[in-house]
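Heads up: the sequence shown at position 44 corresponds to 44 in UniProt numbering, and the numbers run straight through without jumps. Written out below as C-alpha cells is the structure these notes cover.
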Amino acid sequence: MPRKVVQGPIRDKEKTKQKLLNAVGKILKTKGYSGLMVSKIAAVAGFDKKLIYEYFGSTDKLIDEYIKSQDYWSRFAPEGDVDLSDGGKEMSKLAILNQFETLKKNKELQKILVWEMSESRPILKKLLDQREEVGEELFKNITDPHFGDKAEEYRAITAILVAGIYHLNLFTGHNGTTFCGIEMKTEEGRKKIEKALVDIIDYAYSK
C-alpha cells in the first residue's frame with residue numbers, strides 16, 4: 001500500500017524553498033545575474049517576497065544556497081567504491097571527466113562561472129573559498145602524499161585541467177563550435193578532449 005504523503009507546515013516550507021531556489025536558476029539561465037532581484041525572484045516563484053526573508057534571511061543567502069547546490073567542486077566527494085591506493089589517479093580522472101560533462105549540461109553553472117569572472121562580490125568570494133577548501137582536502141589527504149615534494153606540480157596540472165574545462169565549455173556554450181580545429185559540439189570532438197584529459201593525468205602519475 002503506498003505511503004500516505006502528509007501535508008503540513010514543514011513540507012510546505014520545503015516545497016516553497018525549493019520553488020524559490022528554482023526561480024533563481026530560471027532567472028540566471030534566461031536573464032543572467034543582473035536579473036536576480038528580490039521582486040523578480042518572488043514573481044517567478046509565485047510567492048510574496050517576504051518569504052525569501054523568512055526562509056533564507058536575505059536575497060544574497062538565497063542566491064548563496066542556490067549557487068552551492070549547483071557548484072561541482074563544492075559538492076564533490078570521492079565515490080565510496082573508488083580505490084585510492086593508486087594515489088588518487090583514478091579518482092582524479094573520474095572527477096575531471098565528470099566535471100567536463102556536468103558543466104556542458106548545466107547552463108546555470110556556466111552562468112555562475114561567468115559571473116565569478118566578471119564581478120567581485122562577497123557571495124562569489126565565499127563560493128570560491130568553499131571550493132578551495134574542498135580541493136585542499138582532496139590534495140592534502142589523497143594526492144599530496146603520493147607526489148611528495150612534487151605535490152605542487154600536480155596541483156598546477158590540475159589547475160590547468162580545471163581551467164581548460166571551464167573555458168572549453170563556456171566557449172562552446174556561448175559563442176564557438178571549433179577550438180584548435182576540434183569540433184567541440186560533436187561527440188567525437190568531446191571524446192578527443194576527454195582522452196587528452198586522461199592522458200595528462202596518466203602522464204603526471206608516470207613521472
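Even glycine gets a Cβ: it sits at the ideal position worked out from N, Cα and C.
In whole angstroms, what is the alpha-carbon distance linking residue i and residue j?
| i | j | result |
| --- | --- | --- |
| Lys31 | Lys192 | 33 Å |
| Leu197 | Leu62 | 35 Å |
| Val134 | Lys93 | 17 Å |
| Val6 | Phe179 | Because the pLDDT at Val6 is just 43, under 50, the model does not fix this residue reliably, and the point stays unresolved. |
| Asp202 | Lys89 | 7 Å |
| Ala43 | Lys68 | 22 Å |
| Met91 | Trp73 | 13 Å |
| Lys185 | Thr172 | 7 Å |
| Leu113 | Gln18 | 22 Å |
| Tyr154 | Lys207 | 10 Å |
| Asp64 | Glu14 | 17 Å |
| Ile160 | Ala23 | 33 Å |
| Glu187 | Lys195 | 12 Å |
| Arg3 | Gln130 | Unreliable positioning characterises Arg3 in this predicted model, as indicated by a pLDDT of 45, which lies under 50. The coordinate reading is nonetheless provided below. Roughly 38 Å between the two C-alpha positions. |
| Ala151 | Asn106 | 31 Å |
| Asn98 | Asn175 | 23 Å |
| Arg190 | Asp12 | 42 Å |
| Asp144 | Glu132 | 15 Å |
| Gly46 | Arg75 | 29 Å |
| Ile41 | Lys125 | 22 Å |
| Leu51 | Thr177 | 42 Å |
Count the other CB atoms within 10 Å of the CB of residue i; is the residue buried (16 or more) or exposed (fewer)?
| i | result |
| --- | --- |
| Leu138 | buried |
| Glu116 | buried |
| Ile96 | buried |
| Asp199 | exposed |
| Asp149 | exposed |
| Ala163 | exposed |
Under 8 Å, do residue i and residue j count as touching if we go by C-beta distance?
| i | j | result |
| --- | --- | --- |
| Phe100 | Ile182 | no |
| Leu28 | Leu21 | no |
| Ile123 | Asp71 | no |
| Ile157 | Leu84 | no |
| Leu127 | Asn169 | no |
| Thr16 | Tyr53 | no |
| residue 209 | Gly25 | Summary: the structure shown does not reach residue 209, with the chain confined to residues 1 through 207, and so no result is reported for it. |
| Gly87 | His146 | yes |
| Tyr205 | Lys111 | no |
| Ser58 | Lys49 | no |
Residues bridged to residue i by DSSP?
| i | result |
| --- | --- |
| Thr178 | Glu183 |
Tell me whether residue i, by its Cβ, gets closer than 7 Å to a heavy atom of the ligand SAH.
| i | result |
| --- | --- |
| Lys68 | Annotation note on the ligand SAH: not contained in the displayed structure, which lists no ligands. |
field: Contained alpha helix (DSSP H) runs [length at least 4] in the region 95 to 131, N- to C-terminal order
entry: 107 to 118
field: Contained alpha helix (DSSP H) runs [length at least 4] in the region 18 to 92, N- to C-terminal order
entry: If we require 4 residues or more, the alpha helix (DSSP H) runs fully inside the region 18 to 92 come out as 38 to 45, 50 to 56, 59 to 70, 72 to 75.
query: Enumerated in chain order, which unbroken segments of the alpha helix (DSSP H) with a length of 4 residues or greater are wholly contained in the region 132 to 206?
result: If only complete runs of 4 or more residues are kept, the region 132 to 206 shows the alpha helix (DSSP H) at 144 to 147, 151 to 174, 187 to 206, in order along the chain.
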